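Peer 1: This is the structure, below, for whatever I ask next.
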Amino acid sequence: MNHVRVAIVGCGAVTEKFYLPALARSPLLRIAALVDVSLARAERLAPARESSSRETIETWSLRRKRQ
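Each residue of the sequence shown is one higher than the one before, starting from 1045 at the first, in my numbering.
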């Protein structure tokens, strides 16, 4: 079965409490990447998702350039 790979941008409380659990329940979707301004926050959420899907989740940080 082909899965749709999803990247989530923003790893705050709403993502942690609602989006990730809802996506984890779907047999058609796989979380491929977690992106946040704080790399530590994205990395904190990844291990729990990796163990349930047996796939590596990429983590990225988006930092705004200061002007």
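Even glycine gets a Cβ: it sits at the ideal position worked out from N, Cα and C.
Only a predicted model underlies this, so the values are computations on that prediction, with no experimental measurement involved.
L1064 lies in the alpha helix (DSSP H); which residues open and close that run?
Peer 2: Element bounds for L1064: 1064–1069.
Peer 1: Is DSSP giving L1083 helix, strand or coil here?
Peer 2: Here L1083 sits in helix by DSSP.
Peer 1: Which one or two residues does DSSP pair with L1072 in a beta bridge?
Peer 2: According to DSSP, L1072 bridges with nothing at all.
Peer 1: With C-beta atoms as the reference, is V1050 less than 8 angstroms away from L1072?
Peer 2: No, the pair does not count as a contact, with Cβ atoms beyond the cut-off.
Peer 1: In whole angstroms, what separates the C-alpha of L1067 from that of G1054?
Peer 2: Distance between the alpha carbons of L1067 and G1054: 15 angstroms.
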